[in-house]
Amino acid sequence: MRRPPLGHAHSTRARLLGAALLSLAACGRDGGPDHVLHGGTIRTLNERDDVAEAIALRDGTIVAIGKSSEILPLATGRTEVRDLDGRTVLPGFVGAHEHPTLSAVFGGVIDVSGFERATSEEVWEALRAGVAGAAPGDWVYAMGIDPILVPDLEMPSRERLDAIAPENPLVVVSQTMHSFWANSRAFDAAGIDGNTPDPGHGSHYERDSQGNLTGFVAEVVAAKPLLAELQSPWRLATRYEEVLNDLLEAGFTSVASLGMNVPPLLARFAASENLEPRIRQFFYLAPDERGSLPEHPDRSHPFFRILGVKIWHDGSPTTGSMFLETPYLDSPLAKRLGIPRGGRGAPIVSDEALDSEIASAEEAGWQVAIHSHGDASSREVVRAFARAAEPRAGALPRRMEHCGLIPVDLLPELARLGVSPSFHINHLYYYGDALADSILGAERADRLLPVRSAFELGLSPTLHADSPMFPAEPLSLVRTAVLRRTRSGRSIGAGEAIRIDQALRAVTLNAARQLGMESEIGSLEVGKAADLVVLDADPVAVRAEDLDEIDVIGVYVAGRRRDLRSR
Numbered sequence: 019m020r021r022p023p024l025g026h027a028h029s030t031r032a033r034l035l036g037a038a039l040l041s042l043a044a045c046g047r048d049g050g051p052d053h054v055l056h057g058g059t060i061r062t063l064n065e066r067d068d069v070a071e072a073i074a075l076r077d078g079t080i081v082a083i084g085k086s087s088e089i090l091p092l093a094t095g096r097t098e099v100r101d102l103d104g105r106t107v108l109p110g111f112v113g114a115h116e117h118p119t120l121s122a123v124f125g126g127v128i129d130v131s132g133f134e135r136a137t138s139e140e141v142w143e144a145l146r147a148g149v150a151g152a153a154p155g156d157w158v159y160a161m162g163i164d165p166i167l168v169p170d171l172e173m174p175s176r177e178r179l180d181a182i183a184p185e186n187p188l189v190v191v192s193q194t195m196h197s198f199w200a201n202s203r204a205f206d207a208a209g210i211d212g213n214t215p216d217p218g219h220g221s222h223y224e225r226d227s228q229g230n231l232t233g234f235v236a237e238v239v240a241a242k243p244l245l246a247e248l249q250s251p252w253r254l255a256t257r258y259e260e261v262l263n264d265l266l267e268a269g270f271t272s273v274a275s276l277g278m279n280v281p282p283l284l285a286r287f288a289a290s291e292n293l294e295p296r297i298r299q300f301f302y303l304a305p306d307e308r309g310s311l312p313e314h315p316d317r318s319h320p321f322f323r324i325l326g327v328k329i330w331h332d333g334s335p336t337t338g339s340m341f342l343e344t345p346y347l348d349s350p351l352a353k354r355l356g357i358p359r360g361g362r363g364a365p366i367v368s369d370e371a372l373d374s375e376i377a378s379a380e381e382a383g384w385q386v387a388i389h390s391h392g393d394a395s396s397r398e399v400v401r402a403f404a405r406a407a408e409p410r411a412g413a414l415p416r417r418m419e420h421c422g423l424i425p426v427d428l429l430p431e432l433a434r435l436g437v438s439p440s441f442h443i444n445h446l447y448y449y450g451d452a453l454a455d456s457i458l459g460a461e462r463a464d465r466l467l468p469v470r471s472a473f474e475l476g477l478s479p480t481l482h483a484d485s486p487m488f489p490a491e492p493l494s495l496v497r498t499a500v501l502r503r504t505r506s507g508r509s510i511g512a513g514e515a516i517r518i519d520q521a522l523r524a525v526t527l528n529a530a531r532q533l534g535m536e537s538e539i540g541s542l543e544v545g546k547a548a549d550l551v552v553l554d555a556d557p558v559a560v561r562a563e564d565l566d567e568i569d570v571i572g573v574y575v576a577g578r579r580r581d582l583r584s585r
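If you're matching positions, the sequence shown starts at 19 in this note's numbering and goes up one per residue.
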């Protein structure tokens with residue numbers, strides 16, 4: 019799967035230099051560039067995979083790329099000249115599908131995730147300690163419960179949570195954020211009892227044979243009353259900046275937020291001169307956020323844009339709400355996850371409602387992104403796009419999100435309909451063993467996430483972490499897409515592994531293309547924004563197994579430098 023380091027012959031460098039010289043002449047006349055970086059590997063990730071030795075930035079824009087012998091003489095007394103000392107520069111990473119607001123909401127709650135807790139007892143002890151630190155009557159939340167990453171974990175019941183928090187409303191959220199558990203005080207405070215109607219379409223309150231609540235809640239729609247205390251504007255405002263800084267330190271210079279967003283005014287503030295350096299934000303609004311949707315798209319602001327709407331068609335593989343053509347496996351893990359025997363999930367939205375949502379959004383000029391995991395869901399979503407009117411000339415691509423079990427035979431139809439897929443690739447790394455052995459079976463698991471097939475059909479696919487579900491680490495996504503291995507080292511769907519250059523594009527230029535920003539970000543080219551990331555090693559030169567060991571040394575956003583660590 020590996021290929022030699024990217025790059026071309028002298029003629030390619032000549033093209034780079036030729037394209038840059040006009041900009042350079044201007045720099046020479048009026049003071050030179052603000053920054054020159056040299057002494058390392060500059061991977062442009064443009065369509066030709068050009069590799070350069072130096073890059074010059076001026077007024078937030080890339081003004082020259084080429085040989086050090088050509089770029090260094092452009093520096094003047096005002097230019098900051100940086101010797102990379104063998105490090106590597108890439109375009110800033112573009113987060114195609116993340117949830118910074120959810121990360122802010124759940125920041126500071128009790129962490130019961132498998133990333134922090136190795137055993138069941140550690141999970142319950144963390145819960146007990148968190149409740150003990152809360153005043154009586156205060157809401158207590160815990161995030162990340164996960165019987166896949168913590169194999170000996172039994173899922174909560176209402177009675178067990180009542181025993182842990184007899185005086186506090188207590189809500190526990192799964193790592194996928196599609197499953198929830200609550201105690202009696204939380205249900206009472208939220209006005210939910212055994213007679214409360216289920217929202218339907220895969221979202222419900224589980225009841226026992228006597229009609230009593232068990233504590234389990236499936237999907238966000240049903241859980242919303244239980245989460246209201248987390249979503250105060252003050253909580254969001256105080257934590258949102260921290261989350262954007264975390265994303266920046268991971269190497270993201272742009273990020274798309276797909277659902278549950280901060281109020282637009284706060285987002286504009288966070289994307290303004292008030293934060294240094296800024297991060298580019300792109301919002302897709304969920305149904306309950308549509309009140310913030312302007313009458314028409316406004317793409318004039320370079321650092322904040324509402325691009326479109328997000329629609330959920332199905333749920334999660336590990337909640338039993340991913341819509342499948344054939345049932346989930348009947349296994350002990352499936353039972354612990356609350357997946358009913360013979361279940362195959364269900365659409366969250368009807369065909370009629372889906373058609374209406376797509377039509378109303380596209381008529382107003384908004385991009386549509388649809389959450390779709392299962393094979394049955396994928397077929398229904400593609401049929402809905404086929405029923406919809408032809409997109410307007412110049413419209414942003416339609417999007418399908420996660421694409422866990424999208425059938426390969428559907429991909430040509432995506433190409434015909436102008437639909438761009440974004441793959442939730444680390445489902446394979448973190449959950450691949452469980453999906454193969456206990457949830458889907460080995461045959462279906464081998465069909466997960468057909469990224470290579472999407473590349474071969476020219477779909478320009480992207481990769482995402484869906485943070486805070488999984489860590490927002492772009493090179494971890496790249497590693498999984500190249501290796502197709504789980505945490506245990508098991509190979510799944512090896513035929514869908516992609517090359518390193520393809521994987522890097524899936525978190526840079528392709529992601530920019532999905533956002534309609536490929537002329538501005540996503541590759542290092544003269545005239546594009548000076549959004550770059552400095553790495554301590556070259557992703558193309560290291561072993562694929564070591565990709566997620568590479569450190570982000572620094573970032574530039576619109577030419578503004580932030581150093582993160584040094585070696």
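Glycine included, each C-beta is placed from N, C-alpha and C at the ideal position.
In this text the structure is predicted, and so the values were computed from the model without any measurement.
Task: Nearest to Pro335 (by Cα), restricted to the options Glu370, Met195 and Pro295 - done: Here residue 335 is taken as the residue at index 317 of the sequence shown, counted from 1. Looking from the CA of Pro335, the closest CA among Glu370, Met195 and Pro295 belongs to Met195.
Task: Whether Thr214 touches Asp170 by CB criterion (8 Å) - done: Here residue 214 corresponds to residue number 196 of the sequence shown, with the count starting at 1. Here residue 170 corresponds to residue number 152 of the sequence shown, with the count starting at 1. Not in contact: Thr214 and Asp170 (Cβ atoms no closer than 8 Å).
Task: Contact check, Ala377 vs Ala406, beta carbons under 8 Å - done: Position 359 of the sequence shown holds residue 377. Position 388 of the sequence shown holds residue 406. In contact: Ala377 and Ala406 (Cβ atoms closer than 8 Å).
Task: Any beta strand (DSSP E) of 3 or more consecutive residues that is wholly inside the segment 374–401 - done: For the segment 374–401, whole beta strand (DSSP E) runs of length 3 or above, ordered along the chain, are 385–390.
Task: Whole-number beta carbon distance between Arg417 and Ile443, since they are thought to touch under 8 Å - done: For the purposes of this step, residue 443 is taken as the residue at position 425 of the sequence shown. For the purposes of this step, residue 417 is taken as the residue at position 399 of the sequence shown. With 8 Å as the limit, Ile443 and Arg417 do not qualify as a contact, their Cβ atoms being about 16 Å apart.
Task: CA-to-CA distance, Arg225 to Gly212, given in whole angstroms - done: Translated into the one-based positions of the sequence shown, residue 212 becomes position 194. Translated into the one-based positions of the sequence shown, residue 225 becomes position 207. Their backbone Cα atoms lie some 7 Å apart in a straight line.
Open item on the list: Need the endpoints of the alpha helix (DSSP H) that Leu446 sits in, please.
Closed with: Walking along the sequence shown from the start, residue 446 turns up at place 428. Leu446 -> alpha helix (DSSP H) spans Asn444 to Ala452.
Open item on the list: Within 8 Å, do at least three Cβ pairs link the segment 506–519 to the segment 92–102?
Closed with: no
Task: Backbone CA spacing between Ser87 and Asp67 [nearest angstrom] - done: Locating residue 87 in the sequence shown gives position 69, where the first residue counts as 1. Locating residue 67 in the sequence shown gives position 49, where the first residue counts as 1. C-alpha separation (whole angstroms): 21 Å.
Open item on the list: Once DSSP output is grouped into helix, strand and coil, what is the label at Leu39?
Closed with: To locate residue 39, count along the sequence shown from 1; it is residue 21. Reliability fails at Leu39, whose pLDDT of 49 lies under 50, so the model's placement of it is uncertain and the value that follows must be treated cautiously. In the structure shown, Leu39 sits in a helix (DSSP, three-state: H, G or I).
Open item on the list: Can you tell me where the alpha helix (DSSP H) holding Ala144 begins and where it ends?
Closed with: As a working note, residue 144 is residue 126 in the sequence shown. Segment Ser138 to Ala150, the alpha helix (DSSP H) holding Ala144.
Task: Residue range of the unbroken beta strand (DSSP E) whose run includes Glu116 - done: In the sequence shown, counting from the first residue as 1, residue 116 sits at position 98. Residues Phe111 to Glu116.
TODO: Report the residue from Gly110, Ser349, Thr94 and Val123 whose alpha carbon sits nearest the alpha carbon of Ser485.
DONE: Mapped onto the sequence shown, residue 485 falls at position 467. Checking every option, the nearest Cα to that of Ser485 belongs to Val123.
Task: Continuous alpha helix (DSSP H) stretch holding Glu307: start and end - done: As a position in the sequence shown, residue 307 is number 289, starting the count at 1. No alpha helix (DSSP H) holds Glu307; DSSP gives it neither H nor E.
Task: Same chain only: Cβ atoms within 6 Å of Ser16, ignoring 5 sequence neighbours per side - done: No answer is possible for residue 16: the residues shown for the chain start at 19 and end at 585.
Open item on the list: I need the straight-line Cα distance from Ala93 to Val54, nearest angstrom please.
Closed with: Counted from its first residue, the sequence shown places residue 93 at position 75. Counted from its first residue, the sequence shown places residue 54 at position 36. Computed Cα separation, rounded: 7 Å.
Task: For Ser221, the residue or residues it bridges with in DSSP - done: Along the sequence shown, one-based indexing puts residue 221 at 203. In the DSSP output, where bridge partners are listed per residue, Ser221 has Gly218.
Open item on the list: Rounded to whole angstroms, what is the Cα-Cα separation between Gly309 and Ala379?
Closed with: The residue labelled residue 309 in the question sits at position 291 within the sequence shown. The residue labelled residue 379 in the question sits at position 361 within the sequence shown. Each residue's alpha carbon lies about 13 Å from the other.
Open item on the list: Would Val81 and Leu75 qualify as a contact pair, given that the criterion is a beta-carbon distance under 8 Å?
Closed with: Taking the sequence shown and counting its residues from 1, one reaches residue 81 at position 63. Taking the sequence shown and counting its residues from 1, one reaches residue 75 at position 57. Result yes, Cβ atoms of Val81 and Leu75 sit closer than 8 Å.
Task: Under the three-state DSSP convention, the category Tyr346 falls into - done: Indexing the sequence shown from 1 puts residue 346 at position 328. Coil, per DSSP.
Open item on the list: Suppose the cutoff is 7 Å on Cβ atoms and the five residues either side in sequence are ignored; what does the same chain contact list for Ala204 look like?
Closed with: Along the sequence shown, read from residue 1 onward, the residue named residue 204 stands at position 186. Scanning its chain for C-beta atoms nearer than 7 Å, with the 5 sequence neighbours on each side dropped, one finds around Ala204 the residues Pro187, Leu188, Val189 and Leu244, in chain order.
- [ ] May I have the straight-line CA-CA distance separating Phe488 from Asp216, to the nearest angstrom?
- [x] As a first step, residue 488 must be located in the sequence shown, where it is residue number 470. As a first step, residue 216 must be located in the sequence shown, where it is residue number 198. About 29 Å.
Task: Stretch pair the segment 431–445 + the segment 545–558: three plus CB contacts closer than 8 Å - done: no
- [ ] Determine the contact status of Thr5 and Gly58, defining contact as a CB-CB distance below 8 Å.
- [x] Absent from the model: residue 5. The displayed extent of the chain is 19 to 585, so no value can be given.
TODO: Examine chain B for any beta-carbon lying closer than 8 Å to the beta-carbon of Ala402, and answer yes or no.
DONE: Of the chains in the structure shown, none is chain B; there is only one protein chain.
TODO: List in chain order: all unbroken alpha helix (DSSP H) runs of 4+ residues lying wholly within the segment 152–196.
DONE: 176–182
Task: Boundaries of the beta strand (DSSP E) in which Glu474 is found, first to last residue - done: Reading the sequence shown from its first residue, position 456 is the one you call residue 474. That residue, Glu474, is in no beta strand (DSSP E); its alpha helix (DSSP H) goes Val469 to Glu474.
Task: Environment of Pro154 [buried if 16+ CB atoms lie within 10 Å] - done: For the purposes of this step, residue 154 is taken as the residue at position 136 of the sequence shown. Exposed, by the Cβ-count rule.
Open item on the list: For the beta strand (DSSP E) containing Ser494, name the first residue and the last one.
Closed with: By 1-based counting over the sequence shown, the position of residue 494 is 476. Careful: Ser494 lies outside any beta strand (DSSP E), inside the alpha helix (DSSP H) at Pro492 to Leu501.
Task: Coil, strand or helix - Thr94 by DSSP - done: Position 76 of the sequence shown, counted from the start, is the residue given in the question as residue 94. If DSSP states are grouped into helix, strand and coil, Thr94 belongs with coil.
TODO: Would you tell me roughly how many angstroms separate the C-alpha atoms of Trp384 and Glu139, rounded to the nearest one?
DONE: Your numbering for residue 384 matches position 366 in the sequence shown. Your numbering for residue 139 matches position 121 in the sequence shown. Roughly 48 Å separates the two Cα atoms.
TODO: Taking all protein chains shown into account, decide if Val507 is buried (16 or more other Cβ within 10 angstroms of its Cβ) or exposed.
DONE: On the sequence shown, residue 507 is found 489 positions in, with the first residue counted as 1. In the sequence under discussion, the amino acid at residue 507 is Gly, which differs from the Val named in the question. Exposed, because fewer than 16 other Cβ atoms sit within 10 Å of the Cβ of Gly507.
Open item on the list: If the criterion is Cβ atoms closer than 8 Å, does the pair Tyr302 and Leu276 meet it?
Closed with: Counting from one through the sequence shown, the residue named residue 302 turns up at place 284. Counting from one through the sequence shown, the residue named residue 276 turns up at place 258. Result yes, Cβ atoms of Tyr302 and Leu276 sit closer than 8 Å.
- [ ] Rank Glu381, Val367, Ala207 and Arg505 by C-alpha distance to the C-alpha of Trp330 and give the top, closest one.
- [x] For this step, residue 330 is matched to residue 312 along the sequence shown. Comparing Cα-Cα distances from Trp330 to each of Glu381, Val367, Ala207 and Arg505, the minimum goes to Val367.
Open item on the list: With the cut-off set at 8 Å, would you say Leu347 and Leu458 are in Cβ contact?
Closed with: Your numbering for residue 347 matches position 329 in the sequence shown. Your numbering for residue 458 matches position 440 in the sequence shown. Yes, Cβ-Cβ distance for Leu347 and Leu458 is below 8 Å.
Open item on the list: By the DSSP assignment, the beta strand (DSSP E) with Phe270 in it spans what residues?
Closed with: By one-based count along the sequence shown, residue 270 stands at place 252. Here the beta strand (DSSP E) through Phe270 covers Phe270 to Leu276.
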